[in-house]
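J.: Residues 351 to 533, numbered by the working numbering, are exactly what the first sequence covers, in order.
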Amino acid sequence: MAWTEERIAKLKQGWEGGMTATQIAEMLGEGVTRNAVIGKAHRLGLESRPSPVKAAAEEAAPRPAPAPPPAPKAAEPSAPPPAPRAEAPIPAPQPPPAPVVAKAPAKPVKGGKQTRTTLLDLNDKVCKWPIGHPGEPDFHFCGKPVQPGFPYCGEHCLVAYQAQMPRKDRPRPLPPLPGAPRR
DNA sequence: CCCTGATTCGC
DNA sequence: GCGAATCAGG
351 MAWTEERIAK
361 LKQGWEGGMT
371 ATQIAEMLGE
381 GVTRNAVIGK
391 AHRLGLESRP
401 SPVKAAAEEA
411 APRPAPAPPP
421 APKAAEPSAP
431 PPAPRAEAPI
441 PAPQPPPAPV
451 VAKAPAKPVK
461 GGKQTRTTLL
471 DLNDKVCKWP
481 IGHPGEPDFH
491 FCGKPVQPGF
501 PYCGEHCLVA
511 YQAQMPRKDR
521 PRPLPPLPGA
531 PRR
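As structure tokens, then:
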């Protein structure tokens, strides 16, 4: 159905009157989804009515940067960083799945030689890509010098940040398996 | 789960 | 331009 003057008028009226997109869609008749309403409203430049998402986004913003001491930080994530989303580069479809690494049994580290980068060794300079899995005896981190501005070294940045494949030929997320645990 | 509006992007 | 699919917070 086309967007006639009349239908657009109703849309505007309802939108400005505080009706939800769903209500407006029902008002306009069958075959009109709330998506159609929202899409049209935006194209008309009507936008910006309280949106749960937008409202929350503005909430957590004011951060003038108190400039915290770059020094030591005892705090540490219970688990390794799940991989921050890239901004400029497009975020990878999946966060780094702790790369599987068949590791030989940890060798007895005699003396004080440290060969692994552990949780306590993490800082802004070293690659935080997990090697193995948390809980495993020799779980550790890559530890190589990071790519400036990233939490990982160049090699692991390549794995963590990948370009999005066009929706069209992107594999379907996979339908829920019968009997699979609900959520 | 439901709801909401916002956004993306193939058409 | 359209709107389904998707996202993300409530």
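Glycine included, each C-beta is placed from N, C-alpha and C at the ideal position.
Per DSSP, isoleucine 481 is paired with what?
T.: DSSP, once it has assigned bridges, lists His490 as partnering isoleucine 481.
J.: For the alpha helix (DSSP H) that cysteine 507 lies in, which residues bound it at each end?
T.: Its alpha helix (DSSP H) spans residues 504–510.
J.: When you compare only the Cα positions, how much space is there between valine 382 and arginine 357?
T.: Rounded to the nearest angstrom, the two C-alpha atoms are 11 Å apart.
J.: How many angstroms separate the CA atom of glutamine 444 from the CA atom of methionine 377?
T.: Per-residue confidence for glutamine 444 stands at a pLDDT of 47, beneath the threshold of 50, marking its modelled position as unreliable; no derived number is given.
J.: Is it right to say glycine 493 is buried, meaning 16 or more other beta carbons lie within 10 angstroms of its own, or is it exposed?
T.: Classification for glycine 493: buried.
J.: Rounded to whole angstroms, how far is the Cβ of alanine 391 from the Cβ of tryptophan 353, which I believe are closer than 8 Å?
T.: That pair is no contact at about 11 Å.
J.: Once DSSP output is grouped into helix, strand and coil, what is the label at threonine 383?
T.: If DSSP states are grouped into helix, strand and coil, threonine 383 belongs with coil.
J.: Below 8 Å on the Cβ atoms is my contact criterion, and I expect leucine 472 with lysine 478 to pass it. Report the Cβ-Cβ distance as a whole number of Å.
T.: Right, the Cβ-Cβ distance comes to about 6 Å (below 8 Å), so this counts as a contact.
J.: CB proline 574 to CB phenylalanine 491, shorter than 9 Å?
T.: This structure leaves residue 574 out entirely; the chain is present only between 351 and 533.
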